[in-house]
Amino acid sequence: MEFRFSPQEEAFRQQVRDWLGEHLPKNWTGDRMPRSGDYETLNVYVQFAKQLAKKGWVAPHWPQQYGGLGLSVIEQLIFNEEMAYANAPIGYSAIGVGWAGPTIIVYGTEEQKKTHLGAITNAETMWCQGFSEPNAGSDLANLATRAVKDGDDYVINGQKIWTSGAHYANWMILIARTDPEAPKHKGISYFLVNMKTPGISTRPLIDMMDNHAFNEVFFENVRVPRDCLLGEENRGWYMATTTLDFERSSIGGAVGASKMLEDLVAYTRETKVNGHALAAETRVRVRLADAAVEAELGRLLSYRVAAMQARGLVPNYESSIAKLFNTDMQLRMARAGMEIMGLYGQLGHTSKWVPLRGRFERQYLWQTGLAVGGGTTEIQKNIIAMRGLGLPRG
Ligand SMILES: Cc1cc2nc3c(=O)[nH]c(=O)nc-3n(C[C@H](O)[C@H](O)[C@H](O)COP(=O)(O)OP(=O)(O)OC[C@H]3O[C@@H](n4cnc5c(N)ncnc54)[C@H](O)[C@@H]3O)c2cc1C
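Note that the working numbering has the sequence shown beginning at 958, numbered continuously upward.
So, in structure tokens, the structure goes:
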């Protein structure tokens, strides 16, 4: 087992770090996320994505012929680590790079590749993911949205929910039922849908941070041409579960937690209570030490996933362990910070009295959602129990 990065990998890390030093927006703290109608912040994300595009770094792990740089798994891990540590505004292309693009690379026609891949790596398009429905989340194959063939078109009717970024996105990856008679996994097809198509409407869902990040999306007789179908009809389920070599290590969460801990340690050194620094209190030191151990453990669990991928293995329950641990760990980290800050820690991020720009309070609320998105905590536990521990299906 080699625990060190190679000199070339360290050089690449330095290259990413230097580039970030030059290109991060001025005074960027990573606290701004585009809220509804906040086009100024959205523009910060778009402009940053354009800068990445010039460097070939929107999807650097994609093959070169599709606009990537063909980075190795470990280089990709380093890249993502540095972006997370800098809190870089990189969410803009996330679904295009993470889902739409890789699935098009495997299943798309030449025409679909030509239309979409360059647009993603040039940061010209923003994608959203229309998978979940009111009665289809963990049990996604239960989806009810219908796509009916009509001449050269498909006509789509139904509803999606929790669709992150649908109010900004110009394209959607959508799965819909094309054969209602077939067993539920076998009658689903995968579509690439232009969000400007008549009949699509979005309604905001406001989360508990008072933020508009996700939406309900309604389809009323939405007519899309046949070439929006990706791959074979009724094979959409298998495409939706396609997992490629993209990031599955949860490294962003692990590194984000380390950065929060650094900020928290600095805060406890600078903040005086009853004439002494917070950091001098045993209860605070114990919390910080626990948090430091957990953050390091989270990082190692993520490295394990990347190391497996680098050896050509396909991580399975190992990714679930990393996701589960890192999600819970970040929640505990946020809670530790709020407790250490006392009553100030509970103030909302808009209060002028809240320490560290309210990052801990916001993270606490946000993290609760991350334990649901991308497969809930219970689903991860099921995977670990069945595939990791070999327990029977309940
Ligand atoms: C921040 C965030 C962003 C999201 N973005 C998107 C997006 O862009 N596009 C999209 O399509 N979806 C998105 N989602 C939706 C997400 O994929 C679903 O919320 C998730 O799959 C869970 O589905 P559900 O909400 O229907 O809950 P359900 O599946 O109904 O689960 C309800 C509860 O039952 C538990 N449960 C369900 N099945 C089992 C089981 N077999 N064993 C044990 N427990 C079980 C769950 O763990 C959960 O606690 C997002 C969600 C969040 C929180």
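All C-beta atoms in this analysis are idealised placements derived from N, C-alpha and C, irrespective of residue type, glycine included.
Query: If I measure Cβ to Cβ from Trp1119 and keep anything under 6 angstroms in the same chain, skipping five residues before and after, which residues do I get?; Result: Ser1089 and Phe1171
Query: Just tell me which of Phe1282, Arg1244 and Arg1314 has its CA closest to the CA of Tyr1301.; Result: Arg1314
Query: Counting only the same chain and skipping the five closest in sequence on each side, list residues whose C-beta sits under 6 angstroms from that of Met1298.; Result: Pro1312
Query: Between which two residues does the alpha helix (DSSP H) containing Ile1035 stretch?; Result: Val1030 to Tyr1042
Query: Measure the CB-CB distance between Thr1154 and Val1112 and report whether it falls below 8 angstroms.; Result: no
Query: Whole angstroms are fine: how far does the CA of Trp985 sit from the CA of Gln1287?; Result: 22 angstroms
Query: Indicate whether Pro1020 and Leu1028 have their beta-carbon atoms separated by less than 8 angstroms.; Result: no
Query: Have a look at Ile1208, Gly1210 and Leu1245 and flag the residue whose alpha-carbon is nearest the alpha-carbon of Tyr1224.; Result: Leu1245
Query: Do Ser963 and Val1015 come within 8 angstroms of each other at the CB atom, strictly closer than that value?; Result: no
Query: Quick one: using the 10 Å Cβ neighbour count with 16 as the cut-off for buried, is Ile1163 buried or exposed?; Result: exposed
Query: Can you list, in chain order, the residues of its chain whose CB lies under 6 angstroms from that of His980, leaving out five sequence neighbours each side?; Result: Gln1008
Query: State whether the stretch 1065 to 1078 contacts the stretch 1038 to 1045, with contact taken as three or more CB pairs (one from each stretch) at a distance under 8 angstroms.; Result: no
Query: On the CB-based measure, 16 or more other CB atoms within 10 Å of its CB, does Lys1280 come out buried or exposed?; Result: buried
Query: Take the Cβ of Trp1323 as the centre, count every other Cβ of all protein chains shown within 10 Å, and call the residue buried at 16 or more, exposed below.; Result: buried
Query: Give the range of the alpha helix (DSSP H) segment to which Gln1324 is assigned.; Result: Arg1316 to Leu1327
Query: Please go through the same chain and pick out, in chain order, the residues whose beta-carbon is closer than 7 angstroms to the beta-carbon of Asp1202, but skip the five residues on each side of it.; Result: Unreliable positioning characterises Asp1202 in this predicted model, as indicated by a pLDDT of 49, which lies under 50. The coordinate reading is nonetheless provided below. Excluding positions up to five away in sequence, the list reads His1018, Val1030 and Gln1266.
Query: On the three-state DSSP scale, how would you describe Ile1340?; Result: helix
Query: Assuming Met1217 and Met1290 form a contact by the criterion Cβ under 8 angstroms, report the distance between their Cβ atoms to the nearest whole angstrom.; Result: 6 angstroms
Query: Distance, Cα to Cα, Arg1242 vs Ala1236?; Result: 6 angstroms
Query: Which of helix, strand or coil does DSSP assign to Asn1191?; Result: coil
Query: Using only the alpha-carbon positions, how far apart do Ser1158 and Asn1178 sit?; Result: 11 angstroms
Query: My assumption, with CB atoms under 8 angstroms, is that Ile1208 sits in contact with Asn1037. Please give the rounded CB distance.; Result: 5 angstroms
Query: So the alpha helix (DSSP H) His980 belongs to, where does it begin and stop?; Result: Pro964 to His980
Query: Report the option in Ser1308, Ser1276, Arg1316 and Asp1285 whose CA atom is closest to the CA atom of Met1295.; Result: Arg1316
Query: Between Leu1270, Ile1278, Lys1117 and Ala1249, which has its C-alpha nearest Ser1259's C-alpha?; Result: Ile1278
Query: Suppose you measure from the CA of Asp995 to the CA of Met1083; what does that come to, to the nearest Å?; Result: 16 angstroms
Query: Verify the contact flag: Thr1120, CB atom, against every heavy atom of ligand 1, threshold strictly below 7 angstroms.; Result: yes
Query: Would you check whether ligand 1 has a heavy atom nearer than 7 angstroms to the C-beta of Ile1130?; Result: no
Query: Comparing the CB of Ile1061 with every heavy atom of ligand 1, is any distance shorter than 7 angstroms?; Result: no
Query: Can you give me the Cβ contacts of Gly1213 inside the same chain, cut-off strictly under 6 angstroms, excluding the 5 residues immediately before and after it?; Result: Ala1041
Query: Rounded to a whole number of angstroms, what is the C-alpha to C-alpha distance between Glu1138 and Thr1102?; Result: 14 angstroms
Query: Quick one, are the C-beta atoms of Gly1188 and Tyr1125 less than 8 angstroms apart?; Result: no
Query: According to DSSP, simplified to helix, strand and coil, what is Asp1202?; Result: The predicted position of Asp1202 is uncertain, since its pLDDT is 49 and thus under 50; a value taken from the coordinates is nonetheless stated next. In the structure shown, Asp1202 sits in coil (DSSP, three-state: anything other than H, G, I, E or B).
Query: What does the alpha-carbon distance come out to for the pair Lys1106 and Glu1190?; Result: 10 angstroms
Query: With DSSP as the reference, please indicate the residues paired to Val1174 in a beta bridge.; Result: Lys1117 and Thr1159
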